[in-house]
Amino acid sequence: MVFAAVGVFAYGGIVHLGDLLGVRPGGPNLSMPIWLMWYFASLTVFDPLAALLLALRRIEGLLLGCVVLASDAVANGYANYVLDSAPGVTLGRIGQAIITALAVALIAAAPRASPWLHRPGRFRPDRTV
């Protein structure tokens, strides 16, 4: 589960970097509120950070990942249902549903994954040598 989450966050970082650079079709447009553009831009840092912390088996990565996915689902919901006036199912709405499912899955799996992760101050190298 943790390895899958690392892949999801690495992919998310690449997608949001592509949005920031304007190379991904269907990414954010300039009519989007500035706070929402700043939020999506911040994910170019927070997605890879969550991936790195999870890869290092840090509990902070799991907590950051839960916050990032849940807030990303809410932000995409706002962008795709409030700001987008297109009727019916759109690619953005499908993507938002996937992000929501990933957020629910990670939050639900967090209690089972957390014992496998290192907590701050609990990692003590063996110094008996």
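For the sequence shown, this note's numbering begins at 4 and goes up steadily by one. From the three backbone atoms N, C-alpha and C, an ideal C-beta is built for every residue, glycine too. What you are looking at is a predicted structure, and each value in this text was computed from that prediction instead of being measured.
{"query": "Which residues in the same chain as Leu20 place their Cβ atom closer than 7 Å to its Cβ, once the five residues preceding and following it in sequence are excluded?", "result": "Thr47"}
{"query": "From what residue to what residue does the alpha helix (DSSP H) around Tyr14 run?", "result": "5-24"}
{"query": "Given a cut-off of 8 Å, decide if Leu72 and Leu105 are closer than it, judged by their beta-carbon atoms.", "result": "yes"}
{"query": "Could you tell me the distance, in whole angstroms, from the CA atom of Trp86 to the CA atom of Met40?", "result": "The question names Trp, but residue 86 in the sequence shown is Leu. Computed Cα separation, rounded: 13 Å."}
{"query": "In whole angstroms, what separates the C-alpha of Asp50 from that of Gln99?", "result": "16 Å"}
{"query": "Relative to the C-alpha of Ala113, which residue among Gly15, Arg60, Ile37 is closest?", "result": "Arg60"}
{"query": "With distances taken between CB atoms, is the gap from Leu65 to Val9 smaller than 8 Å?", "result": "no"}
{"query": "Going by beta-carbon coordinates alone, are Thr103 and Ala82 separated by less than 8 Å?", "result": "no"}
{"query": "Does the distance from the C-beta atom of Tyr42 to that of Ala13 stay below 8 Å?", "result": "no"}
{"query": "Pop quiz: Ala53 and Leu23 are said to be a contact at Cβ under 8 Å. What is the actual Cβ separation, rounded to whole angstroms?", "result": "At roughly 17 Å, the Cβ-Cβ gap does not stay under 8 Å, so Ala53 and Leu23 are not in contact."}
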